[in-house]
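With this note's numbering as the guide, the letters of the sequence shown map in order to residues -7 to 67. The beta carbon of each residue, even a glycine, is placed where N, CA and C say it ideally should be.
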Amino acid sequence: MAKTKAATSSCSFCGKSKEHFKMLVSGLAASICNECIDRCNKLIRDARQRQAAASTSNKSTNDGKKKGKNKARKK
Ligand SMILES: [Zn+2]
-7 MAKTKAATSS
3 CSFCGKSKEH
13 FKMLVSGLAA
23 SICNECIDRC
33 NKLIRDARQR
43 QAAASTSNKS
53 TNDGKKKGKN
63 KARKK
């Protein structure tokens, strides 16, 4: 199998070229720079915090409907 190298050396998400970021992670069809990875990490963290906040505030109202969906999560 021939190695398929990503033709682009720019980020597929923000469009910056390699002079503007430190690192580029290349996938099969897209590449992402370290700055976009940082942004994604923040988004994921925010989303998790929002989910956690929502699940604690909705606990009493949805208690009856969500039977069996209470997974024992350690985190
Ligand atoms: Zn980027």
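Check, Outcome
"Contact under 8 Å by Cβ, residue 10 with residue 26", "no"
"Contact test: residue 27 Cβ vs ligand 1 heavy atom, cutoff 7 Å", "yes"
"Opposing strand residues paired with residue 23 [DSSP bridges]", "18"
"Residue environment, residue 20, which counts as buried when at least 16 other CB atoms sit within 10 Å", "exposed"
"Supposed contact pair residue 32 and residue 3 - C-beta distance, whole angstroms, cut 8 Å", "Not really, about 12 Å apart at Cβ, beyond 8 Å."
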